[in-house]
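Everything in the sequence shown is counted per the working numbering, starting at 8 for the first residue and increasing by one. Using N, Cα and C, we set each Cβ at its ideal position, and we do this for glycine too. For reference, the structure discussed in these notes is given below.
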Amino acid sequence: MPSTSKASRIFSVVDQKEFAFCQSINRTLRFRPVHGYFQVASRLGDGWFWYLVILALPLLRPQDGLSIALLMVATGLTCTITYKLLKRWLIRERPFISFPSINCGTPPLDRYSFPSGHTLHAVCFNTVLAMTVPGLAWLLLPFTLSVAASRVVLGLHYPSDVAAGALIGGSLGLLSAFGLHGVFSQIAAAA
């Protein structure tokens, strides 16, 4: 049974406080280049970009790329389970659903808003890379930030959804990099 009573009351108050900011950011969709850029960032943030990075790692780094790729796959699965459980339990409607004056800039992948799964994955993967391949992480940081920003610009998330996704994703990325990197290095070495 979803925990809607207390969470719903809290989200209702927070939604009202974040509404004006969300609406002002969402108005930038009127500019076609802005809308197009954030639609592409969001679509690539669905996973496609990260799948390419994961597939490329063994080629880019023959010495440890396979172990990092396996680490990212395992961490990505953990991220997916985490955000899906939180969304089902906390049930926060997306801004464009709660406030009709906010336009939906691209179709959402699911119904609920908290936390931002796109941001959670992007920050998690960027964190894993920061701990294992810092140069690549710096190179991909603008993409990660674009994915996070796209969620608010496109009317799909509140800033607090994005902040929570970043916090959870960064934490899972750090735990994974520090706790599992050695395990996946051994697995990759045995392969």
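Worksheet entry | Between the CA atoms of Ile75 and Leu62 - distance to the nearest angstrom | As a first step, residue 62 is located in the sequence shown; it is residue number 55 there, counting from the start. As a first step, residue 75 is located in the sequence shown; it is residue number 68 there, counting from the start. Taking the straight line joining both Cα atoms gives about 10 Å.
Item to complete: Please state whether DSSP places Tyr44 in a helix, a strand or coil.
Response: Along the sequence shown, read from residue 1 onward, the residue named residue 44 stands at position 37. Tyr44: helix per DSSP, three-state reduction.
Worksheet entry | Buried or exposed by the 16-neighbour rule on C-beta atoms within 10 Å, applied to Gly162 | Counted from its first residue, the sequence shown places residue 162 at position 155. Flag for Gly162 reads buried.
Practice prompt. Return the Cβ separation of Arg99 and Phe121 in integer angstroms, given the expectation that the two are a contact with Cβ distance under 8 Å.
Written response: Against the sequence shown, residue 99 aligns to sequence position 92. Against the sequence shown, residue 121 aligns to sequence position 114. Right, their Cβ atoms sit about 4 Å apart.
Worksheet item: Beta-carbon separation of Cys131 and Thr87 under 8 Å?
Response: For the purposes of this step, residue 131 is taken as residue 124 along the sequence shown, with counting starting at 1. For the purposes of this step, residue 87 is taken as residue 80 along the sequence shown, with counting starting at 1. Not in contact: Cys131 and Thr87 (Cβ atoms no closer than 8 Å).
Worksheet entry | Environment of Val20 [buried if 16+ CB atoms lie within 10 Å] | In the sequence shown, the residue the question calls residue 20 occupies position 13. It counts as exposed.
Worksheet entry | Val47 versus Ala155: straight-line alpha-carbon distance, rounded | Here residue 47 is taken as the residue at index 40 of the sequence shown, counted from 1. Here residue 155 is taken as the residue at index 148 of the sequence shown, counted from 1. So the alpha carbons of these two residues sit roughly 12 Å apart.
Practice prompt. Tell me whether the beta-carbon of Thr126 lies closer than 8 Å to the beta-carbon of Arg158.
Written response: If you number the sequence shown from 1, residue 126 lands on position 119. If you number the sequence shown from 1, residue 158 lands on position 151. Yes; because the gap between Cβ atoms is below 8 Å, this pair is in contact.
Practice prompt. Tell me where the alpha helix (DSSP H) around Asp168 begins and ends.
Written response: Numbered from its first residue, the sequence shown carries residue 168 at position 161. Note, Asp168: alpha helix (DSSP H), Pro166 to Gly186.
Discussion item. Comparing C-alpha positions only, which one of Val160, Leu97 and Leu77 sits nearest to Val41?
Written reply: In the sequence shown, counting from the first residue as 1, residue 41 sits at position 34. Per the Cα distances, Val160.
Worksheet item: When burial is assigned at 16 or more other CB atoms within 10 Å of the CB, is Gly180 buried or exposed?
Response: For the purposes of this step, residue 180 is identified with residue 173 of the sequence shown, where counting begins at 1. Buried, by the Cβ-count rule.
Item to complete: Rank Asp71, Ser183, Leu36 and Gly52 by C-alpha distance to the C-alpha of Pro151 and give the top, closest one.
Response: Within the sequence shown, numbered from 1, the residue matching residue 151 stands at position 144. Note that residue 151 is Thr in the sequence shown, not Pro. Answer by Cα proximity: Gly52.
Practice prompt. Go ahead and pull the three-state DSSP assignment for Ser15.
Written response: The count along the sequence shown starts at 1 and reaches residue 15 at position 8. Of the three classes helix, strand and coil, the one that applies to Ser15 here is helix, per DSSP.
Item to complete: Could you check the C-alpha separation between Trp145 and Ser178 for me, to the nearest Å?
Response: For the purposes of this step, residue 145 is taken as the residue at position 138 of the sequence shown. For the purposes of this step, residue 178 is taken as the residue at position 171 of the sequence shown. Distance between the alpha carbons of Trp145 and Ser178 is about 18 Å.
Worksheet item: Where does Ile17 land, buried or exposed, given buried means 16+ other C-beta within 10 angstroms?
Response: Locating residue 17 in the sequence shown gives position 10, where the first residue counts as 1. Classification for Ile17: exposed.
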